[in-house]
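Everything below concerns the one structure shown next.
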Amino acid sequence: MQGLLQRLREIGFGENEAKLYLALVKRHPASGYELARASGVPSSKVYEVLARLREKELVFVTDGGRATRYIPADSDEFVERYTRRMTRALDGLKQDLHALGDDDQVGYVWNVHARAELLERAIHLLARAERTVLLSAWDEELGALAGPIAAAHRRGVRIAVIDYGALAIEADAVYPHPIKDTIAAEKGGRGLTLCVDSRVALLGLVADGGNASGAWSSNHGFVAAVEDYLKHDIYVQKIVGRFHDLLVRTYGPNFARWRDVFADRVLPAADGVDPRRARRKLARRRISRPERKPR
């Protein structure tokens with residue numbers, strides 16, 4: 048019952064209106080006295096509330112009998128009528144806000160404070176995608192996004208996904224990440240990164256305990272940074288997919304030396320040749336090569 052009351056409050060019912068309406072739906076026809084007892088609405092306010100519900104065409108008076116009795120509107124008709132009315136109101140509101148300058152790209156960065164909020168924002172952005180989607184996420188979050196991703200793909204949106212796992216995703220390209228456990232340990236959680244149509248981006252991190260934090264924005268600098276990060280990660284996954292064994296021999300397990308951004312270190316090559324020495328030797332050859340005289 049509390050869930051129903053909350054839903055009615057969310058669509059504009061007052062507290063007493065919601066209680067009275069639900070009491071009437073459960074048992075009708077009913078008199079004002081009976082509704083006061085069943086709903087908990089004070090008898091001094093029952094008829095005032097009933098009058099408001101009648102104005103909204105949610106309650107009707109039955110004919111006959113000495114005492115006035117009430118019945119509720121058909122529930123399907125009520126929901127359909129309310130949906131049409133709210134759709135018209137929201138469409139008009141959207142147009143009016145745009146006319147006031149709501150379309151100006153101010154570029155605010157909005158914080159996200161929970162996993163549910165992070166996923167809700169990602170689903171919203173995916174639903175509005177028109178051309179391209181770049182996404183990087185763990186299976187735990189991709190599971191909640193698989194449906195919206197598939198829906199966008201069927202609309203003709205081009206989609207590339209970096210999957211820190213092995214979930215089946217409907218997309219143009221899916222790149223499995225080979226060292227997801229290492230990345231999760233370094234970050235302290237699971238990352239979620241999304242760029243839609245090169246116009247809006249989302250960044251988030253879901254901690255092991257379930258807490259999450261992140262941000263989203265249509266700020267051009269923010270979007271460009273997120274999009275470049277995703278594209279370069281995809282470039283890396285293409286290289287890893289084709290040269291995995293060579294990278295392990297060169298940089299070690301989990302590509303540890305490759306991922307050390309503060310040094311360019313490699314393991315001794317399998318054939319005994321140090322790639323750094325080879326590069327230096329080649330550079331010396333180029334320097335010492337005599338210049339050709341013009342003919």
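Numbering-wise (my numbering), the sequence shown opens with residue 48 and increments by one. The beta-carbon is built from N, C-alpha and C at its ideal position, and this holds for glycine as well. All values reported here derive from a predicted model rather than from experimental measurement.
Do residue 190 and residue 214 have their beta-carbon atoms positioned less than 8 Å apart in this structure? yes
Whole-Å CB distance - residue 181 paired with residue 207, under 8 Å assumed: 5 Å
Using 10 angstroms around the beta-carbon of residue 289, count the other beta-carbons present and answer buried if the total reaches 16, otherwise exposed. exposed
Quick one, are the C-beta atoms of residue 157 and residue 305 less than 8 Å apart? no
Spatial distance of residue 55 from residue 70 (CA atoms): 13 Å
Is residue 314 helix, strand or coil by DSSP? coil
Can you grab the Cα-Cα spacing for the pair residue 248 / residue 230, in whole Å? 21 Å
For a test of the three-state rule: what should DSSP assign to residue 208, helix, strand or coil? strand
From what residue to what residue does the beta strand (DSSP E) around residue 116 run? 116–119
Helix, strand or coil, according to DSSP, for residue 38 in the structure here? Summary: the structure shown does not reach residue 38, with the chain confined to residues 48 through 342, and so no result is reported for it.
Which of helix, strand or coil DSSP assigns to residue 162: helix
Where residue 68 falls, given that 16 or more other Cβ within 10 Å makes a residue buried: buried
Can you tell me which of the three DSSP states residue 236 falls into? strand
Please confirm whether residue 116 and residue 109 have their CB atoms less than 8 Å apart. yes
Three-way DSSP call (helix, strand, coil) for residue 287 in this model: helix
Suppose contacts are defined by Cβ-Cβ distances below 8 Å. Is residue 265 in contact with residue 159 by that definition? no
With H, G and I counted as helix, E and B as strand and the rest as coil, what does DSSP make of residue 78? strand
Would the stretch 216–227 count as touching the stretch 196–203 if we require 3 or more Cβ pairs under 8 Å? yes
Based on Cα-Cα distance, which residue from 271, 179, 65, 174 lies nearest to residue 105? 65
Could you check whether the Cβ of residue 136 sits closer than 7 Å to any heavy atom belonging to the ligand PLP? As presented, the structure is devoid of all ligands, the ligand PLP included, so that no description of it is given.
At which residues does the beta strand (DSSP E) containing residue 179 begin and terminate? 179–185
In whole angstroms, what separates the C-alpha of residue 317 from that of residue 185? Summary for residue 317: the model assigns pLDDT 45, below 50, so the residue's position carries little reliability; its value from the coordinates is reported in the next sentence. Distance between the alpha carbons of residue 317 and residue 185: 34 Å.
When DSSP builds the beta bridges, which residues end up paired with residue 107? 118
For residue 263: DSSP bridge partner residues: 157, 249
As a quick exercise: from 126, 296, 73, 61, pick the residue whose alpha carbon is nearest that of residue 95. 61
Taking the CB atoms as reference points, tell me whether residue 280 and residue 209 lie closer together than 8 Å. yes
Helix, strand or coil: which one does DSSP assign to residue 195? helix
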